Every structure is written in structure tokens, then in C-alpha cells.
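This report refers to the structure that appears directly beneath it.
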Amino acid sequence: MKTFKYLILSFFSILVLVSCGGKEEKKKAGFSYENKKETSKSAEEKSANEIAISGNDNMQFDKTEIKVKAGQKVKITLRHIGKLDVNVMGHNFVLLKQGVDVAGFAGKAAAAGKESQYIPKKTKDVIAYTSLIGAGGITSVEFDAPAVGVYDYICSFPGHYGMMKGKFIVE
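Just so we're aligned: -15 in the working numbering is position 5 of the sequence shown, and the numbers increase by one with no gaps anywhere.
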């Protein structure tokens, strides 16, 4: 078991080193996370309800804390800004219920496999999750914010939860 852990750790360490190339990513002209439709919502309400988060090839989310109001409709949009394929460096956003053991869930998620996008079937540990995406992919999920409290969110791709995690704070 230790050998397997060291093998996986070595693999991801090499992946991180290889993916740290010197090329700058060019920003696509005209791309914006902002909703361009006219609505009756104020800009403040939009930003509170619509959260953009990105994941990269270094197994990092750009946000490690998200704050929302209890009961409000939330839309999480995840963008994969890396260059690696979904089979090598796939990312998703998984919001866990309070009290869920993150490492235990991640182990179940890895065992669930690629076919289920690393989300255990019939799990009661998840509030919401996005589909798994690779380089350049964008996905989103909408849900009602849970009760006031602090929740964990992770990427459930095998080995990512240790670095790709954050706190979802409901006020």
C-alpha cells in the first residue's frame, strides 16, 4: 500500500513539474464569466449567486473560500484553465455535507471510478457537484444554498482532494 501511495505521489509530482512550462496562456478575447442578460437583479445579487471558480494543471482551485447566503439559489461555474486532458488532470467541484470525512469520501470517489465521474453512486454525502472536465472545459451546477454553516468542497478526481479543496461558508 505504501508503495502504491509513493507511486501515485511520484506520478503527480512529475505531472506538476512537467506542466509548469514557461508558456503564457492567452486570454480569449470577449470571454467573460459575467451574465450579459438583462435581469432585475442588482450586480451585488448576481455576484452573490453566481460564483466562477477555476482549476489548473497544478491541482489548485483559484478560490479556497466561497461565501453565500442561506437558502439563496447558487450557481457555481467551474473552468479548467490547464492544458491537460480530462483523463490525466480532470477537475470537478463537489460540495460535501457538513461532517463528511473528506479523505474517506475521496477514497470512495476514487473507487467509484471514471464511469461515475468519481462520485460514489447513491451517496448521501454530496449537496451538489459538477461534471468532470479537462483542458478548456467549462461546467456548472445550480442548487439552493444549505443551512448556515461551513461546508467543504473538493475536486474528487483521484489524488486531487489534498490540494483542491476549500470552504463553502453559508451565512
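Using N, Cα and C, we set each Cβ at its ideal position, and we do this for glycine too. From a predicted model like this one, the values you see are computed outputs, not experimental measurements.
Worksheet item: Tell me, which residues are paired with Phe73 by DSSP?
Response: Residue 73 sits at position 93 when you count from the first residue of the sequence shown. Looking at the DSSP assignment, Phe73 forms no beta bridge with any residue, so it has no partner.
Discussion item. Once the 5 residues before and after Gly129 are set aside, which same chain residues still bring their CB inside 7 angstroms of it?
Written reply: Numbered from its first residue, the sequence shown carries residue 129 at position 149. Gln78, Val150.
Item to complete: Could I get the ranges of all uninterrupted beta strand (DSSP E) runs contained in the segment 35 to 85, with 3 residues as the minimum, in chain order?
Response: 45 to 48, 53 to 60, 74 to 76
Worksheet item: Does the count of Cβ pairs from the segment 134 to 148 and the segment 67 to 81 closer than 8 angstroms reach three?
Response: yes
Discussion item. Helix, strand or coil, according to DSSP, for Ala115 in the structure here?
Written reply: Position 135 of the sequence shown, counting from 1, holds the residue named residue 115. Correct three-state label for Ala115: coil.
Fill in: Coil, strand or helix - Ala127 by DSSP
Residue mapping note: residue 127 aligns to position 147 of the sequence shown, counting from 1. Reduced to three states, the DSSP call for Ala127 is coil.
Practice prompt. Return the Cβ separation of Lys145 and Val82 in integer angstroms, given the expectation that the two are a contact with Cβ distance under 8 angstroms.
Written response: Looking up residue 145 in the sequence shown gives position 165. Looking up residue 82 in the sequence shown gives position 102. Their Cβ separation, rounded to whole angstroms, is 7 angstroms, which keeps Lys145 and Val82 in contact under 8 angstroms.
Item to complete: Check the DSSP bridge columns for Asp105 and list the partner residues they point to.
Response: Here residue 105 refers to the residue found at position 125 when the sequence shown is read from its first residue. Answer is none; Asp105 lacks a bridge partner.
Practice prompt. Would you mind stating whether Lys49 and Asp124 have Cβ atoms separated by less than 7 angstroms?
Written response: Indexing the sequence shown from 1 puts residue 49 at position 69. Indexing the sequence shown from 1 puts residue 124 at position 144. Cβ atoms of Lys49 and Asp124: not closer than 7 angstroms.
Discussion item. Could you give the first and the last residue of the continuous beta strand (DSSP E) run that contains Lys145?
Written reply: As a position in the sequence shown, residue 145 is number 165, starting the count at 1. Here the beta strand (DSSP E) through Lys145 covers 145 to 150.
Discussion item. For Glu30, tell me which candidate among Lys101, Ile134, Ala127, Ser120 has the shortest Cα-Cα distance.
Written reply: Walking along the sequence shown from the start, residue 30 turns up at place 50. Of Lys101, Ile134, Ala127, Ser120, the residue nearest in Cα terms is Ser120.
Worksheet item: Taking C-alpha atoms, which residue in Phe85, Ala115, Gly93 lies nearest to Ile107?
Response: By one-based count along the sequence shown, residue 107 stands at place 127. Minimum Cα distance to Ile107 is reached at Phe85.
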